[in-house]
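Asker: The listed protein sequences derive, respectively, from chains A and B. Sequential numbering of the first sequence, starting at 2, is according to our numbering. Sequential numbering of the second sequence, starting at 2, is according to our numbering. The beta-carbon is built from N, C-alpha and C at its ideal position, and this holds for glycine as well. Being a predicted model, the structure only gives us computed values, none of them experimental. This structure is in structure tokens; I'll ask about it shortly.
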Amino acid sequence: MAAAPERVSDIEARGDTMGASVDLQREFAEAGVGSVLEELDRDLVGLAPVKRRIREIAALLLVERARKKLGLAHETPTLHMSFTGNPGTGKTTVAVRMADLLHRLGYVRKGHLVSVTRDDLVGQYIGHTAPKTKEVLRKAMGGVLFIDEAYYLYRAENERDYGQEAIEILLQAMENQREDLVVILAGYADRMDRFFGSNPGFRSRIAHHIDFPDYSNEELLLIAGRMLERQSYRLSPAGREALSRYIAHRRQLPHFANARSIRNALDRARLRQANRLFESAQQPLTADALSIIDAPDILASRVFALPVAPSTREPSR
Amino acid sequence: MRITQGCFSFLPDLTDEQIRKQVEYCLKKGWAISLEFTDDPHPRNSFWEMWGLPMFDLKDAAGVMNELASCRKIYGDRYVRLSAFDASHGWESVRISFIVNRPKEEPGFALERTEGKGRNVVYTTRAYAAGRPEGKRYD
Numbered sequence: 002m003a004a005a006p007e008r009v010s011d012i013e014a015r016g017d018t019m020g021a022s023v024d025l026q027r028e029f030a031e032a033g034v035g036s037v038l039e040e041l042d043r044d045l046v047g048l049a050p051v052k053r054r055i056r057e058i059a060a061l062l063l064v065e066r067a068r069k070k071l072g073l074a075h076e077t078p079t080l081h082m083s084f085t086g087n088p089g090t091g092k093t094t095v096a097v098r099m100a101d102l103l104h105r106l107g108y109v110r111k112g113h114l115v116s117v118t119r120d121d122l123v124g125q126y127i128g129h130t131a132p133k134t135k136e137v138l139r140k141a142m143g144g145v146l147f148i149d150e151a152y153y154l155y156r157a158e159n160e161r162d163y164g165q166e167a168i169e170i171l172l173q174a175m176e177n178q179r180e181d182l183v184v185i186l187a188g189y190a191d192r193m194d195r196f197f198g199s200n201p202g203f204r205s206r207i208a209h210h211i212d213f214p215d216y217s218n219e220e221l222l223l224i225a226g227r228m229l230e231r232q233s234y235r236l237s238p239a240g241r242e243a244l245s246r247y248i249a250h251r252r253q254l255p256h257f258a259n260a261r262s263i264r265n266a267l268d269r270a271r272l273r274q275a276n277r278l279f280e281s282a283q284q285p286l287t288a289d290a291l292s293i294i295d296a297p298d299i300l301a302s303r304v305f306a307l308p309v310a311p312s313t314r315e316p317s318r
Numbered sequence: 002m003r004i005t006q007g008c009f010s011f012l013p014d015l016t017d018e019q020i021r022k023q024v025e026y027c028l029k030k031g032w033a034i035s036l037e038f039t040d041d042p043h044p045r046n047s048f049w050e051m052w053g054l055p056m057f058d059l060k061d062a063a064g065v066m067n068e069l070a071s072c073r074k075i076y077g078d079r080y081v082r083l084s085a086f087d088a089s090h091g092w093e094s095v096r097i098s099f100i101v102n103r104p105k106e107e108p109g110f111a112l113e114r115t116e117g118k119g120r121n122v123v124y125t126t127r128a129y130a131a132g133r134p135e136g137k138r139y140d
């Protein structure tokens, strides 16, 4: 747990404003930022641009904090962010890490993440929206408010949509309660762009736009390995080969959701593995047999039978 | 006459910073905080009106302090109290309650004596403020 940041007034009282120095490396170590970044590097596969941006943000915040300690002019930096990317690229996961990071740096007091969608913010009748949005904001105070698929808040086709009311309250909170709350908006890149286009208030209040790239096939295979590891399963060599073919094939089908698609595929593979063991096992099974996902478990997927859609994202090999 | 009731009634009124710390304490204990207001100062008045619903699942005092600020903006001339409800088994009751806002001037109470049968005296306290209609008592 990070120590509470020292108050500026305490330091000014000592009267050593300009002569004092700050050891950034020590600050870095003391705040525990390094461990969060390391965890981020270790636990999350790929996402190099995202990790780079987070490092930059962490550095900025650390320097801001050091400046504050030395009594230099500073304002609370705007920390609201937008995460854009295709489904299953780790936006929520990174948001949780971000909340932890901001907490360690002392920019949010509690460091919890409140994850909401349109349903949690927008009411169903007149006068329902404001209390609902305000309640969510109250719960998120001292932490991070993560609004998934934020563009649904704004419905251009219906000008009397209650989403507009929620947007206004959010904007007000983002402006006036910057010390209490960090808002992260997330969603698909193209729709977010349109959303920001029609709500310029949001764009100007958001300091960091982070784009989440799609995972490559190798990264997805790595992710699959880690997901299975967490559940004490593993792939046989043939199973690994089958999965890598599955990933290449699945990517070209519609509704591909990166890591989420892989997770679902693995869930189904476990189902098939259980079924296979149940039907074929003659003698008692070893722990090894129970934890190996083999090629047939994956190759039985209907994905292999589906024709590849004409609008492929990647050139087929 | 300064009305006191609830927790900290022997202390001077808490500052906002002190209120915030009390709220942090309540949240740490997992209690739900609610705000109530009234303009009837009588100590036996149990009909305080709620300022919104009790606030559940908060993590930080900022949410409560914002609600308190907006309550004061509208009912700054009334009594406002903050209570924390403990929902855990065996308690299920208010654990702490204290006044966080009061009218600028509190006219106090009149003591009325009614002489009954056999010169038996019955005492009643009546708030001077309560003589005026609701909502106009501390204008």
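1. For the segment 100-116 of chain A, which residues have a beta carbon sitting closer than 8 Å to at least one beta carbon of chain B?
2. By DSSP, does Ser22/A sit in helix, in strand, or in coil?
3. Bridge partners of Val115/A, per DSSP?
4. So Ala63/B contacts chain A; which residues on that side make the cut at Cβ distance below 9 Å?
5. According to DSSP, His209/A sits in a beta bridge with which residue or residues?
6. Could you list which residues in chain A have their beta carbon closer than 7 Å to that of Met2/B, in chain order?
7. Under a CB-based cut-off of 7 Å, is Asp17/B close to chain A?
8. Does the segment 149-157 of chain A come close enough to the segment 67-79 of chain B to have 3 or more Cβ pairs within less than 8 Å?
9. Out of Ile211/A, Tyr108/A, Thr130/A, Leu114/A, which has the shortest C-alpha to C-alpha gap to Gln178/A?
10. Do Ile299/A and Ala243/A have their beta-carbon atoms positioned less than 7 Å apart in this structure?
11. Residue ranges of each alpha helix (DSSP H) run of no fewer than 4 residues wholly in the segment 251-281 of chain A, ordered along the chain?
12. In this structure, how does DSSP classify Val1/B when only helix, strand and coil are distinguished?
13. Cα-Cα, which of Pro42/B, Phe99/B, Trp32/B, Ala111/B is closest to Pro13/B?
14. Any Cβ of chain A within less than 7 Å of the Cβ of Leu36/B?
15. Take Glu230/A as the anchor and find which of Ser292/A, Leu25/A, Arg273/A has the nearest alpha-carbon.
16. For a cutoff of 7 Å on Cβ pairs, would you count Leu83/B as touching chain A?
17. Report the three-state DSSP secondary structure of Met147/B (helix, strand or coil).
18. Is the CB-CB distance between Arg96/B and Glu37/B below 7 Å?
19. Going by CA-CA distance only, name the one from Gly198/A, Tyr189/A, Pro132/A that's closest to Leu122/A.
20. Determine the direct distance from the alpha carbon of Asp181/A to that of Trp49/B, and round the result to whole angstroms.
21. Determine which residues of the segment 44-61 of chain B have a Cβ less than 9 Å from any Cβ of chain A, and write them out in chain order.
22. Alpha carbon to alpha carbon, what distance is there between Arg3/B and Asn159/A?
23. Please report the Cβ distance between Tyr189/A and Asn259/A, rounded to the nearest whole angstrom; I am assuming they are in contact, meaning their Cβ atoms lie under 8 Å.
24. Should Gly221/A and Ile248/A be called a contact, given that it needs their Cβ atoms to be closer than 7 Å?
Answerer: Taking the definition as stated:
1. Arg110, Lys111, His113
2. Along the first sequence, one-based indexing puts residue 22/A at 21. Three-state DSSP puts Ser22/A in coil, outside helix and strand.
3. By 1-based counting over the first sequence, the position of residue 115/A is 114. Val115/A pairs with Leu146/A.
4. On the second sequence, residue 63/B is found 62 positions in, with the first residue counted as 1. Per Cβ cutoff of 9 Å: Arg110, Arg139, Met142, Gly143, Gln178, Glu180, Asp181, Leu182.
5. One-based indexing of the first sequence puts residue 209/A at position 208. Its beta-bridge partners are Met82/A.
6. The count along the second sequence starts at 1 and reaches residue 2/B at position 1. Here the premise fails: no neighbours, minimum Cβ distance about 35 Å.
7. Working through the second sequence from its first residue, we reach residue 17/B at position 16. Answer no: the Cβ-Cβ gap between Asp17/B and chain A never drops below 7 Å.
8. no
9. On the first sequence, position 177 is the one that residue 178/A refers to. Nearest option by C-alpha distance: Tyr108/A.
10. As a working mapping, residue 243/A is identified with position 242 in the first sequence. As a working mapping, residue 299/A is identified with position 298 in the first sequence. Yes, these two residues count as a Cβ contact at 7 Å.
11. 259-281
12. Because chain B in this structure spans residues 2 to 140, residue 1/B falls outside the shown range and cannot be described.
13. Here residue 13/B is taken as the residue at index 12 of the second sequence, counted from 1. When each option's Cα is compared against that of Pro13/B, the closest is Phe99/B.
14. Locating residue 36/B in the second sequence gives position 35, where the first residue counts as 1. Using beta-carbon distances, Leu36/B does not count as an interface residue toward chain A, since no partner is under 7 Å.
15. Taking the first sequence and counting its residues from 1, the one referred to as residue 230/A is at position 229. Of the candidates Ser292/A, Leu25/A, Arg273/A, the one whose C-alpha sits nearest the C-alpha of Glu230/A is Ser292/A.
16. Along the second sequence, read from residue 1 onward, the residue named residue 83/B stands at position 82. Cβ-Cβ to chain A under 7 Å: no for Leu83/B.
17. Residue 147/B lies beyond the stretch modelled for chain B, which goes from 2 to 140, so this question has no answer here.
18. Within the second sequence, the letter at position 95 stands for residue 96/B. Within the second sequence, the letter at position 36 stands for residue 37/B. The answer is no: Cβ separation not under 7 Å.
19. Along the first sequence, one-based indexing puts residue 122/A at 121. The residue with the shortest Cα to Cα distance from Leu122/A is Pro132/A.
20. Along the second sequence, one-based indexing puts residue 49/B at 48. Along the first sequence, one-based indexing puts residue 181/A at 180. Trp49/B and Asp181/A: Cα-Cα distance of roughly 30 Å.
21. Per Cβ criterion, the list reads Gly53, Leu54, Met56, Phe57, Asp58, Leu59, Lys60, Asp61.
22. Here residue 159/A refers to the residue found at position 158 of the first sequence. Here residue 3/B refers to the residue found at position 2 of the second sequence. Rounded to the nearest angstrom, the two C-alpha atoms are 54 Å apart.
23. On the first sequence, position 188 is the one that residue 189/A refers to. On the first sequence, position 258 is the one that residue 259/A refers to. Between Asn259/A and Tyr189/A the Cβ distance is about 12 Å, and since that is not below 8 Å, they are no contact.
24. Within the first sequence, residue 221/A is the residue found at index 220, counting from 1. Within the first sequence, residue 248/A is the residue found at index 247, counting from 1. For the record, residue 221/A in the displayed sequence is Leu; it is not Gly. Remark: C-beta atoms of Leu221/A and Ile248/A approach each other more closely than 7 Å.
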